[in-house]
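Which chain is which? The protein sequence lines are A, B, C and D, in order.
With this note's numbering applied, the first sequence covers 22 to 342.
With this note's numbering applied, the second sequence covers 22 to 342.
With this note's numbering applied, the third sequence covers 22 to 342.
With this note's numbering applied, the fourth sequence covers 22 to 342.
Here the structure comes first, spelled out in structure tokens, and everything after it is commentary.
Protein chains: 4
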Amino acid sequence: MINKIAVLTSGGDSPGMNAAIRAVVRTGIYHNLEVIGVHSGYQGLLEKELLPLNLKSVGGIMQHGGTLLMTSRSEEFKTKSGVKKAAKILRESQVDVLVVIGGDGSMAGALDLYQLEGFPVICLPATIDNDLYGTDMCIGVDTALNTVISAIDKIKDTASSHRRAFIIEVMGRNCGYLALMSGIAGGVEYVIVPEFPVNLKDVSNKLKKGYQRGKSHCIVLVAEGAGDVYDIGKFMEDKIGFEMRVTVLGYLQRGGFPSAFDRIIASRLGSAAVEQLLKKNDHHMIGLLGNEIKTIPLAEVLSQKNKLRKSMYELANILAQ
Amino acid sequence: MINKIAVLTSGGDSPGMNAAIRAVVRTGIYHNLEVIGVHSGYQGLLEKELLPLNLKSVGGIMQHGGTLLMTSRSEEFKTKSGVKKAAKILRESQVDVLVVIGGDGSMAGALDLYQLEGFPVICLPATIDNDLYGTDMCIGVDTALNTVISAIDKIKDTASSHRRAFIIEVMGRNCGYLALMSGIAGGVEYVIVPEFPVNLKDVSNKLKKGYQRGKSHCIVLVAEGAGDVYDIGKFMEDKIGFEMRVTVLGYLQRGGFPSAFDRIIASRLGSAAVEQLLKKNDHHMIGLLGNEIKTIPLAEVLSQKNKLRKSMYELANILAQ
Amino acid sequence: MINKIAVLTSGGDSPGMNAAIRAVVRTGIYHNLEVIGVHSGYQGLLEKELLPLNLKSVGGIMQHGGTLLMTSRSEEFKTKSGVKKAAKILRESQVDVLVVIGGDGSMAGALDLYQLEGFPVICLPATIDNDLYGTDMCIGVDTALNTVISAIDKIKDTASSHRRAFIIEVMGRNCGYLALMSGIAGGVEYVIVPEFPVNLKDVSNKLKKGYQRGKSHCIVLVAEGAGDVYDIGKFMEDKIGFEMRVTVLGYLQRGGFPSAFDRIIASRLGSAAVEQLLKKNDHHMIGLLGNEIKTIPLAEVLSQKNKLRKSMYELANILAQ
Amino acid sequence: MINKIAVLTSGGDSPGMNAAIRAVVRTGIYHNLEVIGVHSGYQGLLEKELLPLNLKSVGGIMQHGGTLLMTSRSEEFKTKSGVKKAAKILRESQVDVLVVIGGDGSMAGALDLYQLEGFPVICLPATIDNDLYGTDMCIGVDTALNTVISAIDKIKDTASSHRRAFIIEVMGRNCGYLALMSGIAGGVEYVIVPEFPVNLKDVSNKLKKGYQRGKSHCIVLVAEGAGDVYDIGKFMEDKIGFEMRVTVLGYLQRGGFPSAFDRIIASRLGSAAVEQLLKKNDHHMIGLLGNEIKTIPLAEVLSQKNKLRKSMYELANILAQ
């Protein structure tokens, strides 16, 4: 029987993590579970940074970005002995299941706990990269999309006032999702993503033509995994014959008040995690497919990559005419 | 064969309508269609307010709320002779299909055009009420959710600083979706929606207990279809014994820059509308179910109501503990 | 010699109060003072809700609306015995000076402490009404202005899409500042403030003409002190002949993340308060006149009212053509 | 007698330029002047890109960033023959006075028109750098401050969740105003500006100590004129012993909806420009000193630099403890 659960956030922070923590805690307490928080992710776990959480500890947190529990990266936890030590600490603290909120690295750690030590875990996908298999959206992606389009909107003001060209680097590691979708939503002229390689000469020609046709701005998004934005800018500048100004959005994409969508998805997934662990559905990730909550074995999540839809890429190009 | 299409927005405006217009126009032109815009909805159609649209006419509009084409309510179009006149005007202008962006009233009008006059129509769901059957989300809902939670966040500042109680009326006509989901995302203490009637005395007692337990604020959302917010506030005030301040959010819920989600759904649905009308799938609404584009016959859309999920209502209550 | 100071927030909350608290605390500690916070304003003072504040207690608060120290209204403190009790508590706690952050009611309380009990006080003006004599701007006004214009911008989307008329009530008690300045910044058609009475018939005619000339919207702001917004709306509706929709912005005007301006003015005034109290300039309010910090005797502040500039009212009318 | 005026925006765009244009146009028309707009700054003037402006041409523009009239940089106008040609075009178009909205380069151009060709000009200060002598604030600065603090708030979420150090480059050319004031408003740990050189080793030590004392984040702002942000980051990284992540905010600082403050200052200055030119006060800049409108001879504006107040720099350091 499950009496006590622990929750931690791990890896890069993403907006909505707090709403997920809150949902785990409040749904846990609703089901008469004891809930403790692990401070600073796996590293904090290894250092026994455990704190009891009650209804009030998670009050007033959901509107804030980042994570109340803090996060970290842990080298020790990547070793077998680290995993063993973590399981021991959890067992000594009478924890029955560990809820992990994070991205693929965090899930790999959770799977180690389960596979190497048999410790029950359940995971929630939280990363602005949206690169996880088994869920349409990860916690934090929607807020990041809104942050990126807000930056695009601002840069467009200047681009339109000067008829200038801008090239903007968007986060996402090896995944072009954030760049592609914010390109569609931001109405930019071109999006370069790692999943669909392009000939930069062709892109340059296309941009040049749009410009000559009278487009009032020229904005290109580059997913961070698609190449060096400064090199791409330089190449295009030479080809097109006018200056391309480079902006790297950087870390501000990870913060900010969570959007309604992220607070809702985080609340749904966090609450579902508790419902599932009560059903012994551990070593799973809780995802949102379509509009439904699904559980997917962690091993399956980690064996595949989220695919970027070709149709979305085509849509971006049609709308950017 | 389809050569020329017209697009109009009708009924209440919602954020993302411009992105939908843009997607219809640009996808139409991509498929070598001629596209014209109808100004001021069905009323403008009856007054022949038609204007040609090209790639450039829809440049720089997607980041703005409202609708470039404007909208209106038309009494004349509700009559058979009005519908007949509209069909005649469309035919005289060589329009092959009419794309209608709006809510249920707008779709009823489109269905009349099809059923009474045999004129091909295709509809996109756009209303912040999210009361349409056949789509998980309507264009504009996500932005409205974000507007409402931003208002809740602001009111919470005051509520927490004074330990005060607030009651906020949220739009949605007979549908509690906007209130319920913004209640979950806003972390409020209670949501009153028409779909799930409550005993106000029980609600008052619950709120009183939370307050006595030390909650730093007490915020209640009331969907506009769930009763008079001032009456509800008065009743609770008497029961709980402290002042409930009433705020009616009103029309600001309908405006604002469209969120990323709304720009994306509007772009996808608008583009899909053109793809579908080329396949002769007219008298349908284009919806988003799960993460997939679906077409649903207009008659079916109008014969049912979107249901509010009981599970979401329960989630709201669990998280509001 | 001054060794220990206390700080409290009182009356209605306003955005920037936290930045002011932070500045008082950190500047105090910089000058080797001991700083304590009073929870829940004068009422909390009477209930001895005192807590020590250090550098860290005020970390991460300045970006939040409301007030960390909370506020309240106190009936007891309005009595002579209440004031006496408060002074006694402060003296028993070895407090040398009390820093009060709030509006005119809060300052009147502070002046009582000084005049009746000889207890040194110093005040910072914080109210979104901007009705205090002796300072060009109060803490919170700029954020409230931005909140109001953001609401106006949103309502304009709908007004422009429908060619509709809206009438919006703006806070400010008896002072029209917030309404007038947000009217200028929001580009509305008319602003009705208590300071400059108007003939509603003339206003209606003016609006009607603008509409007939082709204005795409008609938005009227009414300061809360200028009359009942529903009555005004009804009157105009009858005169102009089309529907005026009423929106009461209400309490959301008091919350929200403080703007840069409010964080800066709050930081400057809070820090200056400590500098001044070290110079024994107590029973003063610290204000910002032009771009300079000034100290004004509390009695003088309370004997006069901030005047609304006629030139601003004329500017609003010229720009609203 | 003055019958016709022209208005142009020049140099880098800044938020609020549209409100300034609107105020010039509407106040001009109020005084029965004919107003024309010059498209694309001085370069557009040389290419006779003139367009008549009426009340309606400037409707609905004030809430948008950038400039309706567009801007550009012109090499030709920097020559004597260019200035001569511009004056000739203005005279042939019966323009009596040219209103120039921009920064110091734009004002230098205006002064050339006046000094070399005797053509009457009047200037409004608009640049986010706030480096102009003769005005406390330039149009656009307040919006830029809000954009920067919003970015800082977002990065703080991540910084606090990871206890990480960030170094952020802020615009401002040779002027540290934007960095310093957003540093105060953003609550960062250190601000490096060109006006007050620092020893990087001392700064590093200070930051290290704050960190060791338990600060949850470490954020350093660097004004672009204060040195290479990557070099500074590298130096500190070596000294402090942990990674400093660099973010260059770049062009997004120039865009966005103008804040209330910028719309008001732009409206006041734009309107005052027309009042002043009617009084023949040309070859002046209209500035805001304290809360009053002032006119300053252009030659004087250009002969001096806005000074950063030492007291503000000290305030930043006291509050960053």
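Quick reminder that beta carbons are idealized off the backbone N, C-alpha and C, glycines included.
Predicted model, so just to flag it, every value in this text is computed and none were measured.
Along the region 86-101 of chain A, going in chain order, the ones with a CB nearer than 8 Å to a CB of chain D are Gly86, Gly87, Thr88, Met91, Thr92, Ser93.
When CB distances to chain C are screened at a threshold of 9 Å, the residues of the region 40-51 of chain D falling below it are Ala40, Arg43, Ala44, Arg47, Thr48, Ile50, Tyr51, in chain order. Non-local C-beta neighbours of Ala131(B) in its own chain, meaning closer than 6 Å and more than five positions away in sequence, comprise Val121, Val142, Cys144, ordered along the chain.
Look at the region 255-303 of chain C and you find these whole runs of beta strand (DSSP E), each 3 residues long or longer: 265-269.
In terms of Cα proximity to Asp283(B), the closest of Met265(B), Pro36(B), Ile110(B) is Pro36(B). With fewer than 16 other beta carbons inside 10 angstroms of its own, Leu72(A) counts as exposed. For Ser225(A), the CB contacts under 7 Å within the same chain, skipping 5 residues up- and downstream, are Met257, Lys260, Ile261 in chain order.
Interface criterion not met: the Cβ of Phe217(D) is under 7 Å from no Cβ in chain C.
Under the three-state reduction of DSSP, Ile149(C) is assigned to coil, being neither helix nor strand. By a beta-carbon distance limit of 8 Å, Leu273(A) contacts Ala172(D). Their separation comes to about 5 Å. In this structure Leu329(C) is in contact with Glu216(C), their Cβ atoms being roughly 4 Å apart against a cut-off of 8 Å. Counting along the chain, His60(B) sits inside no beta strand (DSSP E), nor does DSSP assign it H or E at all.
Contact check for Gly207(D) against Ile149(D) fails: the beta carbons are separated by 7 Å or more.
With fewer than 16 other CB atoms across the displayed protein chains lying within 10 angstroms of its CB, Ala320(B) is exposed.
Around the C-beta of Ser95(D), 16 or more other C-beta atoms lie within 10 Å, and the residue is accordingly described as buried. With respect to chain A, the C-beta atom of Ser292(B) has a partner C-beta closer than 7 Å.
Taking a cut-off of 8 Å for Cβ pairs, the region 279-298 of chain A and the region 224-242 of chain A do not touch, as fewer than three such pairs fall below it. Excluding five sequence positions before and after Gly62(B), the CB atoms of its chain that fall closer than 7 Å to its own CB belong to Leu29, Thr30, Ser31, Thr92, Ser93, Ser95, given in chain order.
Close CB contacts of Ala129(D) within its chain, under the 8 Å cut and outside five residues either way in sequence, are with Leu323 (chain order).
DSSP places Glu190(A) inside the beta strand (DSSP E), whose first and last residues are 186-191. A straight-line Cα-Cα distance of about 7 Å links Leu299(A) and Ile23(A).
Within the same chain, and ignoring the five residues on either side of Arg47(D) in sequence, the residues whose Cβ sits closer than 7 Å to its Cβ are Leu76, Val79. A direct Cα-to-Cα measurement between Val214(A) and Leu166(A) gives close to 15 Å.
Relative to Thr156(C), the option among Leu290(C), Lys101(C), Met333(C), Gly197(C) whose CA is nearest is Leu290(C).
In this structure, Gly197(D) is the residue among Asp133(D), Ile26(D), Thr88(D), Gly197(D) with its C-alpha nearest to the C-alpha of Lys331(D). For Ile253(D), no Cβ of chain A is located within less than 7 Å of the residue's own Cβ. Nearest CB-CB separation between Phe282(B) and chain A: below the 7 Å threshold. Here DSSP, grouped into helix, strand and coil, assigns Val120(B) to strand.
For Met306(C), no alpha helix (DSSP H) encloses it; the enclosing beta strand (DSSP E) starts and ends at 305-310. Spanning the alpha carbons of Lys25(C) and Val56(C) requires a straight line of approximately 6 Å. With 16 or more other CB atoms across the displayed protein chains lying within 10 angstroms of its CB, Phe98(D) is buried.
At least 7 Å separates the CB of Asn151(D) from every CB of chain C.
Taking CB atoms only, Gly271(C) has a neighbour in chain B less than 7 Å away. DSSP, read as helix, strand or coil, puts Tyr51(A) in helix. Under the Cβ criterion of 7 Å, Asp178(B) is counted among the residues facing chain C.
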